[in-house]
Structures are given as structure tokens and as C-alpha cells.
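Just so you know, the sequences run in chain order A and B.
Once you know that position 3 of the first sequence is 134 in our numbering, the rest is easy, because the numbers rise by one and skip nothing.
Once you know that position 50 of the second sequence is 181 in our numbering, the rest is easy, because the numbers rise by one and skip nothing.
Don't be surprised by glycine CBs; every beta carbon is placed ideally from N, CA and C.
Worksheet: one structure, shown below.
2 protein chains.
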Amino acid sequence: MINGSIPDIIVGRLPRYLQALQRMHQEGRHTTSSKELGDRLGYTAAQIRKDLSQFGEFGKQGTGYSIPFLIGQLQTILKVDRMWDILLVGAGSLGHAIANYNGFANRGFRIALIVDNDPNKIGTKIANFVVQDASQVKALLFGSGIKIAMLTVPASNAQAVAEELTNAGIKAILNYAPVPLSLPKGIHVEYIDPLIQLQHMTYYID
Amino acid sequence: MINGSIPDIIVGRLPRYLQALQRMHQEGRHTTSSKELGDRLGYTAAQIRKDLSQFGEFGKQGTGYSIPFLIGQLQTILKVDRMWDILLVGAGSLGHAIANYNGFANRGFRIALIVDNDPNKIGTKIANFVVQDASQVKALLFGSGIKIAMLTVPASNAQAVAEELTNAGIKAILNYAPVPLSLPKGIHVEYIDPLIQLQHMTYYID
DNA sequence: CATTGTGAACGGGTTCACAGCA
DNA sequence: TGCTGTGAACCCGTTCACAATG
């Protein structure tokens, strides 16, 4: 393990490894192998070993990997050994569903602030939060330490809102709006768009 | 264009091309080029030309691509030149958000049936649908022509439910539960898991 | 003896570069 | 001139295969 720049495709698999390991841990397991982990996730054993070897030597020959140890290592690598506060932009039905989802906390995340630009929504309560005015987002974020946003606004506003967020210091955006965002280098964007995935699958169905 | 088996990674980009083209169409545009399309989506012009060339010769030298024509071609290739009925499994808050989302129809999909296994939810109404009993799913699907399911059930049930769906004739599953599904060859699965994507991004943030 | 870590071989997707054509 | 379609070159991620070791 002598590396500065890890391929993004490898980084993208680490959360899946972590998820599977946490599940094994819940099942009371203590040890696993690259083979078993690969079988669960649909990867080859060699790939898992090669991926992990980019970050260190975490296994033992003949034995495999200690599950709790590897969980700890991956949490450190992915920086989810801490709690990340998240800004939720958009208090529509999807925003509601996200705000009410209780699976974030044990994975390193928590919704910390909800904003919307609809006067009818500002001031209403969602899951213990009062919806704040989106136009004040820069002031609301100032000093908050929030660096991640989830975007659930209409497609037509997404680019403009994303630019405001960038301007307000946000460094990563999980974009639920069905539009590609064009933002400065250094801002990380991931997309969630069920229609893209549905259309991918229909190609294969008769 | 002489091809039987297109790489899946190319198929996965086609819905994005289609989405961008539809947006251009809404903007009143008639023609585009591989360069412009690539700029919108973050791909190189060469890649877009090469991808499209797998399916035919859709462009004109010197001019580019006719937007309505290319939209039609991609819709045919992806089989979204028809309407696909979808089964929604799980009537929790995420299921509600999905059922109330009105962006499916103009992209080739519509929710046709909602089921849940919670007696308190069965019989309630969501977005004009009465929630049906999940245990009857095979009978409900029989003769319906529904081949696609969206899964918004707890992680602990997801594998078992997915197997039932497979058994009931479902061919494609969009899985919102944070677990990898293990299903027979020929069943297509796509995953949506915001935590995986958040943990991917935190790797890059300080 | 089971299983890791890894250099080397392999494979396939991306980019290049240019002929061809409107 | 502008832009497509595509063979060839290139690049990079995956798989192989085996020495190393608890």
C-alpha cells in the first residue's frame, strides 16, 4: 500500500464493503474472507483483496479479515468515523420521506437543517425541524460546519440552487433532481434518478 | 452498426442522453451535436458518437443530430416508446413519496399497483390507489402484464420479498432497500441507496 | 492448509485522429 | 467548413496465479 490517488471506482465500492461488513457484524460474525464478502456483493475475491490492498494490509493469511477491525478501517478511510451534518433543500414529499428516514444516524449522517423557498412551507415542522427560508441559506450555513446537501427541488431550479449552495460553502451535493449539475471543480455531486435506472432496465426486458 | 451484444455500460448512458435531449426539445431546440450533448452531460464528444454508432447512424455530417429523431430512436432502443406499468412494494413514507411523484408518466412509466404487508396500511388510499395485501401479490400480478417492481421495504425483508416477486413473474426490480439482492439470472436489479453515495463523497471532503 | 497481497497478463472501454460527406 | 462514424492506439481496471505466511 503506497498510494496517493486511488481510482474513484474503487472508492465507490468501499461503502458497499462497509455495509456488508456491518450486516455481518449484526449477525454476530467475527471473521470473513475476501471470497465470502465477494459472494455477498457479487464481486470476485481478487477484486476485493486488490481494492483493500490500496489502503493497507488488513487481513491475515489463512484466516481472512477481522470484521470489526475492517469496519473500523473502512470507516476511517471513508471519514464516517464521525457524524456529518446535512442540509436538506426542498420540503416536498421526497424531502419529507428523507427527513423521516431514520437510517442515517448509524451510518455517519444526520439531517441538521431543512430549507425551502415556498412561503407556505417555511415555518412548518418536519420531523422535529422547522423549515427555514431557502433565501437565507448562506447565513444559516455560516459557521454551521455543514458541507453536504441533499437536493430535492424541481429540475428547473436545481442548477441555480446548486450554485447558491456552492457559494454558501457546500462541498458535496446528493442531487435528486433529474438534471446534470455543472459546478466548479472540487464540488462533489452524486445523482439519484429512478427514471434513469428504470430506463436502463427496460432495455433488457421484452 | 453491426452488433448483437452491447456493453451494459453503454446502455446505462443512453437514458442520460435521452433525458438531455428531451430537455433540449423542451427548450425548443431542433438540432444538436455530439460536442454540445457531451458538454451538457460531462462526456467527450467521441464517446457519445461511439455509443450511438452501436445502434445506427443517426447523425448527419456537418449538421449533427436531429433532436426529435434521436429522441425517437433512443425511446425505441430503450423500449420506452410504450407505457410500463409498475408495482410498488411498500407503502411507507418513501413509498408515498414515489407514488405521489408525477414525473413518471412522460418518461414511459406509471405506478399501477401498490402492496404492503401491514394490516394497518392495507385498504388505505395513496394517490388514488388502494393499498393491496402483499401476500396476494402473485394473484394480483397474474395477467396484469406488470414486469417491473420498485421495492421500498425494510432491509430485513427485501431478499424474501424479491424472491416472491421473481416467483410472481417480475423481471426487473428497482431496489431502495440497503441490501444486495441475490436473484436468478435474467432478473435485472438496480439499486438506490443514498447512504452509499454519501459515504462515497465523504472520502473526498476534509 | 486456507487465505492474503501483488506483479504480470489480460481485456475491454475510451480517446485519438482522420477519411468521408452534407 | 463542420461534424459524423470508425479503425487503431491507448489506457486502465480486472483477473490470474503464485509466493508468502499465520
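Checking 8 Å against the spacing of the C-beta atoms, do residue i and residue j come in under that value?
i	j	result
F200 of chain B	F189 of chain B	yes
L371 of chain B	P309 of chain B	With chain B running from 132 to 337 in the structure shown, residue 371 of chain B is simply not present.
V246 of chain B	L271 of chain B	yes
T244 of chain A	Q263 of chain A	According to the sequence as given, residue 244 of chain A is Leu; it is not Thr. Against a cut-off of 8 Å, the Cβ pair of Q263 of chain A and L244 of chain A comes out as a contact.
Q328 of chain B	L149 of chain A	no
T175 of chain B	G195 of chain B	no
I198 of chain B	H161 of chain B	yes
Taking just the CA atoms, how far does residue j sit from residue i?
i	j	result
L284 of chain B	L326 of chain B	Per the sequence presented here, residue 284 of chain B reads as Val, with Leu not at that position. In a straight line, the C-alpha of V284 of chain B is about 16 Å away from that of L326 of chain B.
I279 of chain A	M155 of chain B	30 Å
A299 of chain B	Q290 of chain A	41 Å
L218 of chain A	D182 of chain B	37 Å
Q157 of chain A	P138 of chain A	30 Å
H319 of chain B	I336 of chain A	9 Å
R352 of chain B	R144 of chain B	Chain B is shown from 132 up to 337; residue 352 of chain B falls before or after that span and cannot be answered.
D216 of chain A	R241 of chain A	5 Å
S275 of chain A	K252 of chain A	22 Å
I323 of chain B	D324 of chain A	9 Å
G169 of chain A	T207 of chain A	21 Å
T333 of chain A	Q192 of chain B	31 Å
S136 of chain A	E321 of chain A	20 Å
P315 of chain B	K256 of chain A	44 Å
D249 of chain A	F260 of chain A	16 Å
N288 of chain B	T297 of chain B	14 Å
I277 of chain A	Y307 of chain A	19 Å
V142 of chain A	Q153 of chain B	32 Å
A151 of chain B	G159 of chain A	47 Å
G254 of chain B	R171 of chain A	36 Å
K302 of chain B	G317 of chain B	7 Å
V220 of chain B	K269 of chain B	12 Å
D212 of chain A	S184 of chain A	20 Å
I140 of chain A	E167 of chain B	26 Å
G223 of chain A	S165 of chain A	42 Å
Q178 of chain A	G173 of chain B	28 Å
E295 of chain A	A286 of chain A	15 Å
F273 of chain A	L225 of chain B	31 Å
L205 of chain B	Q204 of chain A	44 Å
Hey, quick one: how far does the beta strand (DSSP E) through residue i stretch, first residue to last?
i	result
R241 of chain B	F240 to D247
N288 of chain B	Run containing N288 of chain B: none in the beta strand (DSSP E); it sits in the alpha helix (DSSP H), A286 to N298.
I304 of chain B	A303 to N306
D212 of chain B	No beta strand (DSSP E) holds D212 of chain B; DSSP gives it neither H nor E.
V142 of chain B	Premise fails: V142 of chain B lies in the alpha helix (DSSP H), D139 to V142, not in any beta strand (DSSP E).
V320 of chain A	H319 to Y322
The alpha helix (DSSP H) with residue i in it runs from where to where?
i	result
Y148 of chain B	L145 to Q157
I202 of chain A	I198 to L209
H331 of chain A	P325 to T333
A280 of chain B	Here A280 of chain B belongs to no alpha helix (DSSP H); instead the beta strand (DSSP E) covers I279 to L282.
S224 of chain A	S224 to N231
V268 of chain B	V268 to L272
Q178 of chain A	A176 to S184
Residue i and residue j look like a contact to me (Cβ under 8 Å); what is the Cβ gap, rounded to whole Å?
i	j	result
A258 of chain A	N237 of chain A	Rounded, the Cβ-Cβ distance is 17 Å, inconsistent with contact.
A293 of chain B	L305 of chain B	That belief does not hold up - the Cβ atoms of A293 of chain B and L305 of chain B are roughly 11 Å apart, past 8 Å.
A228 of chain B	A228 of chain A	4 Å
M214 of chain B	G239 of chain B	6 Å
Could you tell me which residues DSSP puts in a beta bridge with residue i?
i	result
T163 of chain B	B:Y196
K256 of chain B	B:V261
L218 of chain B	B:L244 and B:A280
K316 of chain B	According to DSSP, K316 of chain B bridges with nothing at all.
G169 of chain B	Bridge partners of G169 of chain B: none, in fact.
G190 of chain B	B:Y196
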